[in-house]
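Heads up, the thing below is written out as C-alpha cells.
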Amino acid sequence: MRPPAAADAPPIETRADLLQSFLSDAAHVPGGFAAGIAFPKSAGEVAALVTSARRVLPIGAQSSLTGGATPRGEVVISTRALTDVTRLPGQMVRVGAGVALAVLQRVLAADALYYPPVPTYDGAFIGGTIATNAAGAATFKYGSARRWVEALSVVLADGSLIEVRRGDVAASLEGWFELEYPSGASVRVPVPTYVMPAVAKLSAGYFASPGMDLIDLFIGSEGTLGIVTAATLRVIPLPRRCVALVTCDSDSQAAAVTVALRREATSSWRGEGALDVSAVEFMDSRALAVVVDEAFARAGVARPARGAGLLLVQIEITCGEDNALRQMDAVLHACGIHADPVVALPGDERGASRLFELREAVPASLNTMIAAAKLRVHPDIEKTAGDLIVPFERLEESLALYRETFEGCGLEYALWGHVSDGNMHPNVVPRSLEDVHRGKAAILDIARRVVAMGGAPLAEHGVGRSALKQQLLRELYGERGIEEMRAVKRALDPDWKLAPGVLFPER
Ligand SMILES: Cc1cc2nc3c(=O)[nH]c(=O)nc-3n(C[C@H](O)[C@H](O)[C@H](O)COP(=O)(O)OP(=O)(O)OC[C@H]3O[C@@H](n4cnc5c(N)ncnc54)[C@H](O)[C@@H]3O)c2cc1C
304 MRPPAAADAP PIETRADLLQ SFLSDAAHVP GGFAAGIAFP KSAGEVAALV TSARRVLPIG
364 AQSSLTGGAT PRGEVVISTR ALTDVTRLPG QMVRVGAGVA LAVLQRVLAA DALYYPPVPT
424 YDGAFIGGTI ATNAAGAATF KYGSARRWVE ALSVVLADGS LIEVRRGDVA ASLEGWFELE
484 YPSGASVRVP VPTYVMPAVA KLSAGYFASP GMDLIDLFIG SEGTLGIVTA ATLRVIPLPR
544 RCVALVTCDS DSQAAAVTVA LRREATSSWR GEGALDVSAV EFMDSRALAV VVDEAFARAG
604 VARPARGAGL LLVQIEITCG EDNALRQMDA VLHACGIHAD PVVALPGDER GASRLFELRE
664 AVPASLNTMI AAAKLRVHPD IEKTAGDLIV PFERLEESLA LYRETFEGCG LEYALWGHVS
724 DGNMHPNVVP RSLEDVHRGK AAILDIARRV VAMGGAPLAE HGVGRSALKQ QLLRELYGER
784 GIEEMRAVKR ALDPDWKLAP GVLFPER
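Reading the sequence shown from the start, the letters are residues 304 to 810 in this note's numbering.
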C-alpha cells in the first residue's frame, strides 16, 4: 500500500443542470440528489477527492439496475475520465476504470483480441463491471468478471492507493487479512464465514472463502470498500461467432435444448465435436407478448405462434460453421424441433445485431409499459423483477416455480434470461400499484425457495440501494452474514465514507 502521487482534487461541480444528468441510474429510482460531482483524471485525483469529502459515491456508466449508482447526497466521483488502455505482454491489458466495454472491445478487436465477461449492456464501464462482478450471457463458458481480473489499483477510504495482484495476498489460516497503511498503522480485515452458493455467477455482497485472495474482496464490493481506478485484465483471441434463433413450444423443450447444447459445448472444449456454444438465452411466450410487432419486423423474424418461446444461441466457430450448424440441427431434431433456426453467420454483424436487438426489445418494451402505467395508473408503479440463479440441473424446476408463484398471486409476468447459466429474470407486468406490492412479496417467496435449491436471488446485477435486494441478501446469508460484511466494511472504511447504504445499511 502506498500514498498516491500527490495531486490536487479536481473541482467539484455543483451546477444544477450538470448534476441533474447524474441523479439516477438505470433502476430509475426517483429522488437522487448529490453534493456535487467531480471527474478525476488520475488515481491521485480520486484519492484527493476521497480525502477531502465526507461521503463519496463512485460511478461508472450508471447502468446499475439496483439504485447503487443513484446518489443520496454524496459527492459523486465519475470515473469517465480514467480512460487509458495499454496492451501488456501475454494477452493482458491494463484498462482505466472509465473505459466502456464497447470501447475496450473495439481497441482489442484491432489486434484480434476479446474480453469475454460482457454483460448485455456494453456501455458499462470496466470499473462498474468489476465493482458488480458483472456477467453476461456467456458465463457458462467464461465465468463472470472475477475470473478475468489479474490486478487492481484501488483508492481506499483514507485516500491511500493499494495495488492488488492476484496471487500476492491470501487470507490467513485464522481468517483475516492484515493490511498496513502508509502511516504505519495496520488493520485486520476479517473474512466472513458464510458459504457462498455454488452457482455460475453471483453478485451478492462480499466474496468470502477460506484462504481467499485479497483481490476477490474488492471485486463485487459495489464501491463500498474502495474505488477501482484501473485494472489488469486477461483477454483471449477474438472468437468467430455465429448466432441462431430457435423457436421452442414449451419450457421443457427449451430446457431440453439448453441441456443438450451445454453437453455438446463441453464436449467441444475437450476437442470432441464442433458445437462450441458459449451462451443460450431464453425469452418465454409472455416475454415475447410484450414486444411490439415493429421489433420483430426490424429483426426480420416472424412472431412465433402463441405459447412458443425463443432461444438465442451463440456459437463459437472453431472447426467450420457447416460442421457446427449440422451438429446443432441434429440436437434440435433430437429435441423435437423441425423448423429451421434463423441464423446470422460469422461476419454477418448486422444480422447478429438484429437478433440481439430483438432480445433487447423485451426489457425495453416492458420498461415502456411500466412508464406508461406509472403515468396513467399510479406514480409509484415500478419495475419489479428478479435476478435469480439456480444450479443448472434445477433449471426446469425453477421455471415452474416462477410460473406457479406469479400465477398463484394472479400476476401478469414475463420470463427471460441467461438460461444456460440457470439465471433468469422473472418480471412482473404491473397493471396496478397493488401488483407491484404483490410482485415484491412473490419475488421474496421465490427467493427463499431458490436459496433452498442451492441457488441465489442475486446473480449478476448486485444489491445496490434497493430495499428488496438488500432483503434478498439477508435471505441468502442471514443477519449474521450481513453483520460479518459490516465488520469488513468497518475495518476498511470506519467512517462509512464510500458508497454508504449500498449493500446494507450502516446498522
Ligand atoms: C439494458 C441493461 C442490460 C444489463 N445486462 C446486464 C447483464 O447481462 N449482466 C450484468 O451483470 N449486468 C447487466 N446490467 C447491469 C449493469 O450494466 C451492470 O451492473 C454493470 O456492471 C454496471 O456498470 P456501470 O459502469 O454502469 O456501473 P454503475 O452503474 O455506475 O455502478 C454500479 C455500482 O458499482 C460502483 N462502482 C462503479 N464504478 C466503480 C469503481 N470504479 N470503483 C468502485 N465502485 C464502482 C457504484 O458505486 C455502484 O454501486 C444491465 C443493465 C442494463 C441497463
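The beta carbon of each residue, even a glycine, is placed where N, CA and C say it ideally should be. Treat the numbers as computed from the prediction; the structure is a model and nothing was measured.
Segment limits, beta strand (DSSP E) that includes T550 | Run containing T550: 544 to 551, per the beta strand (DSSP E) assignment.
For the segment 593 to 671, which segments carrying the alpha helix (DSSP H) assignment without a break, of at least 4 residues, lie completely within its bounds, in sequence order?
-> Listed in chain order, the complete alpha helix (DSSP H) runs (minimum 4 residues) inside the segment 593 to 671 are 596 to 602, 624 to 637.
Taking 8 Å as the cut-off, does the CB of G610 come closer than this to any heavy atom belonging to ligand 1?
-> No, since every heavy atom of ligand 1 falls outside the 8 Å radius drawn around the Cβ of G610.
Buried versus exposed, by CB contacts within 10 Å (16 or more), A325 | According to the sequence provided, residue 325 is Phe. The question's Ala does not apply to it. Its Cβ being crowded by 16 or more others within 10 Å, F325 is buried.
Please report how far the alpha carbon of I684 lies from the alpha carbon of P733, in whole angstroms.
-> Approximately 7 Å, taken between the alpha carbons.
Identify, in the order they occur along the chain, each residue of the same chain with its Cβ nearer than 8 Å to the Cβ of S327, setting aside the five sequence neighbours on each side.
-> P333, G335, Q365, T373, listed in sequence order.
If you draw a straight line from the C-alpha of M788 to the C-alpha of G529, how long is it?
-> Rounded to whole angstroms, M788 to G529 spans 14 Å at the Cα level.
Could you tell me the distance, in whole angstroms, from the CA atom of W719 to the CA atom of C638?
-> Approximately 20 Å between the Cα atoms of the pair.
Using a threshold of 9 Å, state whether the C-beta atoms of G508 and Y716 are closer than that.
-> No, these two residues do not count as a Cβ contact at 9 Å.
Tell me whether D516 sits in a helix, a strand or coil according to DSSP, three-state version.
-> Three-state result, D516: strand.
Answer yes or no: do K792 and T527 have a C-beta to C-beta separation smaller than 9 Å?
-> Closer than 9 Å, so yes.
For D387, which of helix, strand or coil comes out of DSSP?
-> Three-state DSSP puts D387 in coil, outside helix and strand.
Relative to the C-alpha of V458, which residue among V349, S735, A559, V490 is closest?
-> It is V349.
Is it the case that the CB of D519 approaches a heavy atom of ligand 1 more closely than 8 Å?
-> Taken from the Cβ of D519, every heavy atom of ligand 1 lies 8 Å or farther away.
A434 to G371, Cα distance in whole Å?
-> One C-alpha to the other measures close to 11 Å.
Starting from the Cα of S723, find the closest Cα among G426, V562, S367, S355 and give me that residue.
-> Looking only at G426, V562, S367, S355, the smallest Cα-Cα distance to S723 is reached by V562.
Quick one: what's got a C-beta closer than 7 Å to L648's C-beta in the same chain, skipping five residues either side?
-> Same-chain partners within the cutoff: C545, E624.
Using DSSP with H/G/I as helix, E/B as strand and the rest coil, what is D461?
-> Here D461 sits in coil by DSSP.
Beta-carbon spacing of A454, I518 below 9 Å = Result yes, Cβ atoms of A454 and I518 sit closer than 9 Å.
Residues bridged to L586 by DSSP?
-> The question names Leu, but residue 586 in the sequence shown is Met. The partner list for M586 (beta bridge, DSSP) reads L613, W719.
Apart from the five residues just before and just after G426, which ones in its own chain have a Cβ nearer than 8 Å to its Cβ?
-> Excluding its 5 nearest sequence neighbours in each direction, G426 has C-beta neighbours in its own chain below 8 Å: A364, S366, A403, L404, A405, listed in chain order.
Report the rounded CA-to-CA distance for G401 versus V421, giving the unit in angstroms.
-> The straight-line gap from Cα to Cα measures roughly 15 Å.
Helix, strand or coil for I530, going by three-state DSSP, please let me know.
-> Correct three-state label for I530: strand.
Under the criterion of a Cβ to heavy atom distance below 8 Å, does Y424 qualify as lining ligand 1?
-> In terms of side-chain proximity, the C-beta atom of Y424 is found nearer than 8 Å to a non-hydrogen atom of ligand 1.
Span of the alpha helix (DSSP H) around G347 | Run containing G347: 346 to 355, per the alpha helix (DSSP H) assignment.
Consider the C-beta atom of T671 and the heavy atoms of ligand 1; say whether any pair is separated by less than 8 Å.
-> With a threshold of 8 Å, the Cβ atom of T671 does not count as near ligand 1, since no heavy atom of the ligand is closer than that.
Enclosing alpha helix (DSSP H) for G742 [first to last residue] = Looking at the DSSP string, the run of the alpha helix (DSSP H) that includes G742 is 736 to 755.
Does ligand 1 have even one heavy atom less than 8 Å from the beta-carbon of H721?
-> At least one heavy atom of ligand 1 sits closer than 8 Å to the Cβ of H721.
CA-to-CA distance, L613 to V634, given in whole angstroms | Using only the alpha carbons, I get a separation of about 16 Å.
In terms of residues, what are the limits of the alpha helix (DSSP H) holding R358?
-> Here R358 belongs to no alpha helix (DSSP H), and DSSP marks it neither H nor E.
Determine the extent of the beta strand (DSSP E) in which S381 is found, giving its start and end residues.
-> Element bounds for S381: 378 to 381.
Using only alpha-carbon positions, find the residue among P540, V753, I539 that is nearest to E700.
-> Nearest option by C-alpha distance: V753.
Report the rounded CA-to-CA distance for Q617 versus P500, giving the unit in angstroms.
-> Taking the straight line from one Cα to the other gives about 27 Å.
What is the DSSP secondary structure of V732, reduced to helix, strand or coil?
-> It is coil, neither helix nor strand.
With a Cβ-Cβ cutoff of 9 Å, do A345 and I362 count as a contact?
-> Per the sequence shown, residue 345 should be read as Ser rather than Ala. No.
Around the Cβ of L678, are there at least 16 other Cβ atoms within 10 angstroms (buried) or fewer (exposed)?
-> Counting Cβ neighbours within 10 Å, L678 comes out exposed, since fewer than 16 surround it.
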